[in-house]
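So the structure is just underneath, and the comments pick up after that.
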Amino acid sequence: MAQSLARQNKSRTAAIHLILMVLSGFFMLPLLWMLSTALKPIEETMTQPPTWIPTRVLWHNFSDAFTYGRDTLGYTPFLVYGRNTLVLCILGVAGTVVSNSLVAYSFARLKWKGRDFAFAVTLATMMVPFPVLMVPIYGMFKEFGWIGTFKPLWVPAWFGSAFAIFLLRQFFRSIPMELSEAAKIDGASEWAIYWQVVMPLAKPALAVIALFNFMGTWNDFLGPLIYLLDQKTFTLSLGLQVFQSQHGGTQWNLLMAASAIVVAPIILLFFFTQKQFIEGITMTGLKG
Amino acid sequence: MTLKEKKETRAALLFASPWVIGFCVFLAYPLLASIYYSFCDYSVLRPPVWIGLRNYTNLFQDEVFYKTLSNTAFYAIFALPLGMLVAIGLALLLNTKVRGLAVYRTIFFLPSLVPMVSLAVLWLWLFNGENGLVNIGLGMIGIKGPNWLSDPEFSKPALILLSLWGTGNAMVIYLAGLQDVPVQLYEAADLDGASPWDKVRNVTIPMISPVILFNLIMGIIGTLQVFTVPYVMFPGGSPARSTYFYTMYLFDNAFRYQKMGYACAMGWIMFVIILVLTMVSLRLSEKHVHYGGGA
């Protein structure tokens, strides 16, 4: 009886492994295919049956995609896109960490009248879809003379976002109040408690919101599409779309190489910060 | 108010000030302005002119509006439940304490990291009629694949299919929810002689129902705003406007045709739809969502 149960368990585990492996195949193939195409000569992208391993591995496809159009533009497009994206990411991440930690501190660790109501309103704003706000915000930035500059893409990050406030508040609340009270007895100001007691303990949560903001900025397409005018100011996402619309349908190898250039840094980032990633996503889903 | 309370209130306001400004400038003002503009003829270049309900009455006679609305509804009706099913299914498989869980989880999660534009470009290639991997794969099992990108019958299914590839994010949330379900509940079910399916239906699903509800609401808000992937893959909502989605039409009205007031009216209709669907999901879930578990 026990033996047959063990055998049944074993075959069940084997079946689950089999299913998982087949599914893993499905999930991995597109990315592997992207890499394979990116390394092929153009003729080989259209051979039937297809080859997974290129007969000639062309690493220079990556540099070709990277520098495509350099001669007519006078600059290396993807280098400029990459620099622009990085600048926006850094300004955005800095703003997110500074502003949201301040606001979350107020919501989580200070007592004031109307706090819980204000927090409920903050949460409710997450339901407002961006398309509703798009036109007036555009009009406002136009008044400021910001269209065609980076400002519309990073300044708002310095004024808090409901989602990050929510995440940080949950985390700040889990830090024992006694720590703040002890510091207060020692004569520490509210600012000192924030900076020297709470912030150092909140590093994991700060890492999570920094990571999400970085990803969001790297990913953002609609924002750059609306606000940026000159190709020299484009981000990687917008630049890739321009590259696609100009050379799509023909040079699939270069297109896949360009695509891989945009994906690779994110995947690298993931492998270095896996723990924060998984914890962060879990936090968003479960603490709600 | 005591002096101490006053001091704390002042500090609190100071700490919250970035959000107070952000809320007013980037939320409250645009929201109010958007209502006002939706009753105006407005092109950003000239000041808005009040035209009453005309944007709304025009919208309700606009064929393209209905087309984009039905495209979006079609997409949401399939992509949302299928995505949840795939995400929950993968999470259940991973929750069986198999060896190599971390590796599988990474594999299923990675695609959800791919930036939207890269995702669109990649799938343009995968769905290519002749040399795309999807049709090559279908050919190997004897099915002649359709022209995913140029056949209006298949363009939306293509988008739904590719959306399933990015469900890893939701899967991670469900998996964490599953891992929070107390083991004792399963042991009790085992004593009662429950089958694996019984356990999923009567223990697992009720225990993770708050997570499902959360994902459903976020999913509704997200899928109704689908923009980047179709915008890149199907310029102008081609073929035959079959992939022309609501936000794409709103964007075109605002920035291509300079009909900003019209775009704001569309935005408000979308907001109302989101609010109603959220209320309905909350109401319907009241009986089915079980709080008080691990989540």
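Protein chains in written order, with this note's numbering: chain A, 1 to 288; chain W, 289 to 583. The C-beta atom is built at its ideal place from N, Cα and C for all residues, glycine as well. Keep in mind it's a predicted model, so treat the numbers as computed, not measured.
{"Item": "Minimum C-alpha distance to residue 115 of chain A - residue among W:300, W:538 and W:563", "Value": "W:300"}
{"Item": "Selection from A:257, A:263, A:35 and A:275 that minimises the alpha carbon distance to residue 68 of chain A", "Value": "A:257"}
{"Item": "CB contact below 8 Å: residue 406 of chain W versus chain A", "Value": "yes"}
{"Item": "Positions along the stretch 419 to 435 of chain W whose CB lies within less than 7 Å of some CB in chain A", "Value": "419, 421 and 424"}
{"Item": "Host alpha helix (DSSP H) of residue 318 of chain W (start-end)", "Value": "317 to 325"}
{"Item": "One or two residues paired with residue 337 of chain W in a DSSP bridge", "Value": "W:329"}
{"Item": "Of the residues W:302, W:306, W:297 and W:291, the one placed nearest residue 155 of chain A, counting alpha carbons only", "Value": "W:306"}
{"Item": "Exposure label - residue 478 of chain W; buried when at least 16 CB within 10 Å", "Value": "exposed"}
{"Item": "Terminal residues of the alpha helix (DSSP H) in which residue 393 of chain W lies", "Value": "389 to 397"}
{"Item": "Beta-carbon gap between residue 47 of chain A and residue 413 of chain W smaller than 8 Å", "Value": "no"}
{"Item": "Three-way DSSP call (helix, strand, coil) for residue 574 of chain W in this model", "Value": "coil"}
{"Item": "Alpha helix (DSSP H) runs wholly inside the stretch 367 to 449 of chain W, at least 4 long, in chain order", "Value": "389 to 397, 404 to 414 and 421 to 428"}
{"Item": "Chain W residues whose Cβ lies nearer than 7 Å to that of residue 178 of chain A", "Value": "Within 7 Å Cβ-Cβ: nothing; residue 178 of chain A doesn't reach chain W, min ~17 Å."}
{"Item": "Residue span of the alpha helix (DSSP H) that contains residue 312 of chain W, given as start and end", "Value": "Element bounds for residue 312 of chain W: n/a, residue is neither H nor E."}
{"Item": "Alpha carbon of residue 436 of chain W to alpha carbon of residue 523 of chain W, nearest angstrom", "Value": "14 Å"}
{"Item": "Distance cut-off 7 Å: residue 495 of chain W Cβ against heavy atoms of the ligand FMN", "Value": "This structure does not include the ligand FMN; it has no bound ligands of any sort."}
{"Item": "The stretch 264 to 279 of chain A / the stretch 199 to 215 of chain A touching (three or more Cβ pairs under 8 Å)", "Value": "yes"}
{"Item": "Option nearest residue 365 of chain W by Cα separation, candidates W:511, W:346, W:543 and W:560", "Value": "W:511"}
{"Item": "Limits of the alpha helix (DSSP H) - the one that residue 522 of chain W falls within", "Value": "No alpha helix (DSSP H) contains residue 522 of chain W, which DSSP labels as neither H nor E."}
{"Item": "Touching by the beta-carbon criterion (3+ pairs, under 8 Å), the stretch 382 to 395 of chain W and the stretch 22 to 37 of chain A", "Value": "yes"}
{"Item": "Beta-carbon contacts of residue 462 of chain W that lie in its chain and below 7 Å, excluding the five residues immediately before and after", "Value": "375, 376, 379, 496 and 499"}
{"Item": "Simplified DSSP state of residue 276 of chain A, which is helix, strand or coil", "Value": "helix"}
{"Item": "Where the alpha helix (DSSP H) containing residue 157 of chain A begins and where it ends", "Value": "Careful: residue 157 of chain A lies outside any alpha helix (DSSP H) and carries neither H nor E."}
{"Item": "Per-residue burial, residue 545 of chain W [other beta carbons within 10 Å of its own, 16 or more giving buried]", "Value": "exposed"}
{"Item": "The stretch 453 to 464 of chain W: positions lying closer than 9 Å to chain A by Cβ", "Value": "453, 456, 457, 458, 460, 461, 462, 463 and 464"}
{"Item": "Listed by chain order, chain W residues near residue 244 of chain A by CB distance under 7 Å", "Value": "409 and 520"}
{"Item": "Beta-carbon gap between residue 297 of chain W and residue 112 of chain A smaller than 8 Å", "Value": "yes"}
{"Item": "CB contact check: residue 565 of chain W to chain A, cutoff 8 Å", "Value": "no"}
{"Item": "Limits of the alpha helix (DSSP H) - the one that residue 77 of chain A falls within", "Value": "77 to 109"}
{"Item": "Environment of residue 15 of chain A [buried if 16+ CB atoms lie within 10 Å]", "Value": "exposed"}
{"Item": "is_contact[residue 310 of chain W, chain A] using C-beta, thresh 8 Å", "Value": "yes"}
{"Item": "Residues that residue 533 of chain W contacts on chain A, provided the C-beta gap is smaller than 9 Å", "Value": "Result: empty, since nearest Cβ-Cβ is about 11 Å, beyond 9 Å."}
{"Item": "Same chain, Cβ closer than 8 Å to residue 64 of chain A, neighbours up to 5 away in sequence not counted", "Value": "254 and 257"}
{"Item": "Residue of A:29, A:54, A:241 and A:101 minimising C-alpha distance to residue 194 of chain A", "Value": "A:101"}
{"Item": "Exposed unless 16 or more other CB atoms sit within 10 angstroms - verdict on residue 271 of chain A", "Value": "exposed"}
{"Item": "Contact belief for residue 294 of chain W with residue 532 of chain W at Cβ below 8 Å, rounded distance in angstroms", "Value": "Not really, about 57 Å apart at Cβ, beyond 8 Å."}
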